[in-house]
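Trainee: Note that numbering that gives the first Met the number 0 has the sequence shown beginning at 0, numbered continuously upward. One structure follows; several queries about it will come next.
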Amino acid sequence: MTIAQSRTGELFPLKQSIARPSIPVYLFHRFQERIRNPRTRKRLSGMIALFRGRRTATPMPDMTTLNRDGTLMLPGYLSPERAAKLRAVLETMPCRDPWKADRGTFALADAPVDTHVADIAEAPLLMAAHDIAFDERLLALAAEYFGSTPYVDSIQAWWSLASSGQPEEAENFHRDNDGIRFLKFFLYLTDVDGTQGPHKFVLGSHVEPRLLDRRRLTDTEVEEAFGTERIRTVMGRAGDAFIEDTFGVHKGQQPASGTRLLLQVRYSITPTIFRSRMTVDAPVPDRASRPISLIHDA
Ligand SMILES: O=C(O)CCC(=O)C(=O)O
């Protein structure tokens, strides 16, 4: 039993720790990641929405911003007290370096000096994280954005650490290719100033056919292609959140000092190959939008 699993009342019981995407999900992933033009991607996801049963649109003022910019700020999403409570539980959970798997698991305080990202694998078990992932407002935003019922595909949490070495992986600008249409909800659980690895997003890049290659992009390339004025740097307090179409160009910067704790929920129109590996032994929360959960076993 891990430290975290001893915290009953805060965690759901674990059902599976190695849930895998099915072969059709994997094959569809390989197909959709090759479709680079944002318009073609939107057309295809529209066809999927039609096939799955299109939602009747409920006018939501937030959708104008999300559709135009590809990102929507949700300041003060959690109160500072709730954010601190969630952080206190996550602090007790074992971490692992997703880019250096040979390190095994470690406590945050013992993170290797060259670890940039300390991932918390047990985050999907947290009841407080489920309250967020199945929040009616987030589900409604995702349903409107997709034009169809959302899958709650994953819950993740990780620490970004000030460590040695050059920016790694997602610390460089990139476009995500997680699915044909998806949104990521990001929640800061520590205060994030200019030095603590603020997230960056290029406004409007989710619909713009520039720098579409499946690779990491340099700052110079992004600045030249889109202009520095379109790059939003997201600073905020613990409890601030934003939801984003991360097919748009973005990165999570390497902190120059301090640590950043972030919780992320992925919503998608189809299951992704990055779906939650952990599932919980509990019923899917009853919500008006009838989300499909990949964090629960069917
Ligand atoms: O850590 C961040 O702010 C960004 C993470 C990221 O690039 C991603 O989830 O795709």
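By construction, the Cβ of each residue, glycine as well, lies at the ideal position given by its N, Cα and C atoms.
1. Could you check how far apart the C-beta atoms of R276 and A82 are, in whole angstroms? I think they sit under 8 Å.
2. At 3 residues or longer, and completely inside the region 45-125: list those beta strand (DSSP E) runs for me, N to C.
3. What beta strand (DSSP E) runs, 3 residues minimum, are completely inside the region 133-169?
4. Rounded to whole angstroms, what's the CA-CA distance from S91 to D285? Just pull it up for me.
5. Taking the Cβ atom as the reference point for each residue, do L124 and L10 lie within a distance shorter than 8 Å?
6. Identify which residue in P166, V233, M126 has its Cα closest to the Cα of D113.
7. Would you call the region 167-174 and the region 198-216 touching, i.e. three or more CB-CB distances under 8 Å?
8. Less than 6 Å between C-beta atoms, sequence neighbours within five positions excluded: which residues of the same chain meet that for I34?
9. Just list the beta strand (DSSP E) runs in the region 194-267, keeping only unbroken ones of 3 residues or longer that don't cross its boundaries, in chain order.
10. Could you tell me if the beta carbon of L310 falls within a distance shorter than 7 Å of some heavy atom in ligand 1?
11. At a cut-off of 7 Å, would you count A299 as near ligand 1, judging by its Cβ distance to the nearest heavy atom?
12. Taking Cβ positions, are I154 and A120 nearer each other than 8 Å?
13. Whose C-beta lies closer than 6 Å to the C-beta of I291 among residues of the same chain, with five residues either side of it excluded?
14. For T64, which of L26, E243, D101, S44 has the nearest alpha-carbon?
15. Rounded to a whole number of angstroms, what is the C-alpha to C-alpha distance between A122 and A156?
16. Could you tell me the alpha carbon to alpha carbon distance between Q31 and D96, rounded to whole angstroms?
17. Give the single residue among L49, R67, S267 whose Cα lies nearest to the Cα of R229.
18. Closest to V24 by C-alpha separation, out of I272, G203, D118, would be which residue?
19. So, helix, strand or coil for A281, using DSSP?
Mentor: On the basis of the data shown:
1. The Cβ separation is near 25 Å, so there is no contact.
2. 70-73, 116-118, all fully within the region 45-125.
3. 150-160
4. In the sequence as displayed, the identity of residue 91 is Thr instead of Ser. Taking the straight line from one Cα to the other gives about 29 Å.
5. A contact, by the Cβ cut-off of 8 Å.
6. P166
7. yes
8. Cβ within range, chain order: R40.
9. 198-201, 230-233, 240-243, 249-251, 258-267
10. Nothing can be reported for residue 310: it is not among the residues displayed for the chain, which extend from 0 to 297.
11. Given a span of 0 to 297 for the chain in the structure shown, any question on residue 299 remains unanswerable.
12. Against a cut-off of 8 Å, the Cβ pair of A120 and I154 comes out as no contact.
13. Y150
14. The shortest C-alpha separation from T64 is found at E243.
15. Using only the alpha carbons, I get a separation of about 6 Å.
16. 28 Å
17. R67
18. I272
19. coil
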